[in-house]
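The opening residue of the sequence shown carries number 2 in my numbering; numbering runs sequentially from there.
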Amino acid sequence: MKALASRITRGLSVGSYLTCADNSGAKELQIISVRGYKGKRRTKPRAGDAGIVKCRVSRGNEKVRHEMFLAIIIRQKKEYRRPSGMRVSFEDNAAILVDEKFMPKGTSVKGPMAREVVQRFQPIGKVASQVV
Numbered sequence: 002m003k004a005l006a007s008r009i010t011r012g013l014s015v016g017s018y019l020t021c022a023d024n025s026g027a028k029e030l031q032i033i034s035v036r037g038y039k040g041k042r043r044t045k046p047r048a049g050d051a052g053i054v055k056c057r058v059s060r061g062n063e064k065v066r067h068e069m070f071l072a073i074i075i076r077q078k079k080e081y082r083r084p085s086g087m088r089v090s091f092e093d094n095a096a097i098l099v100d101e102k103f104m105p106k107g108t109s110v111k112g113p114m115a116r117e118v119v120q121r122f123q124p125i126g127k128v129a130s131q132v133v
């Protein structure tokens with residue numbers, strides 16, 4: 002896991018629902034906590050692209066439903082700015098499920114993925130269909 006060059010606006014808070022973009026059996030995820038968050042008192046933890054979150058599967062296969070997993074956010078609706086000056090936003094919020102070593106549980110990813118995710122987690126870039 003590498004550090005990111007760009008400063009990403011955190012657009013997803015605890016309780017947000019995400020689309021699961023891989024073929025692990027989950028369809029919809031809900032954020033429970035944000036890994037590595039250090040914030041102020043009475044402030045909800047927030048996460049952005051390439052952020053690591055703990056989530057529960059709210060819709061999906063019987064095998065994975067109501068289970069908790071680690072996930073990495075690959076798309077967010079909230080616009081953020083790259084160091085080159087370009088602004089990036091996607092049409093939905095999406096994440097993929099990973100294990101403790103940040104290896105993806107699924108074998109393919111549906112839809113585009115932010116370039117910052119591939120820079121930070123190289124094994125995820127191997128299953129990406131499109132990197133933006």
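Here a beta-carbon is modelled for each residue, glycine too, at the ideal position from N, C-alpha and C.
Legend entry - Beta carbon of R36 nearer than 8 Å to that of V54: yes
Legend entry - Q77 in three-state terms, based on DSSP: coil
Inset, instruction - Classify E63 as helix, strand or coil using the three-state DSSP reduction. - result: coil
Inset, instruction - Using 10 angstroms around the beta-carbon of P105, count the other beta-carbons present and answer buried if the total reaches 16, otherwise exposed. - result: buried
Legend entry - Neighbour-count burial assignment, R121, 16 or more Cβ in a 10 Å radius: buried
Legend entry - beta strand (DSSP E) segments (min. 3 residues) lying fully within the region 10-46: Runs found: 18-21 and 27-35.
Inset, instruction - Under 8 Å by Cβ, that's how I've got G107 and S25 pegged, so tell me the actual separation to the nearest angstrom. - result: 4 Å
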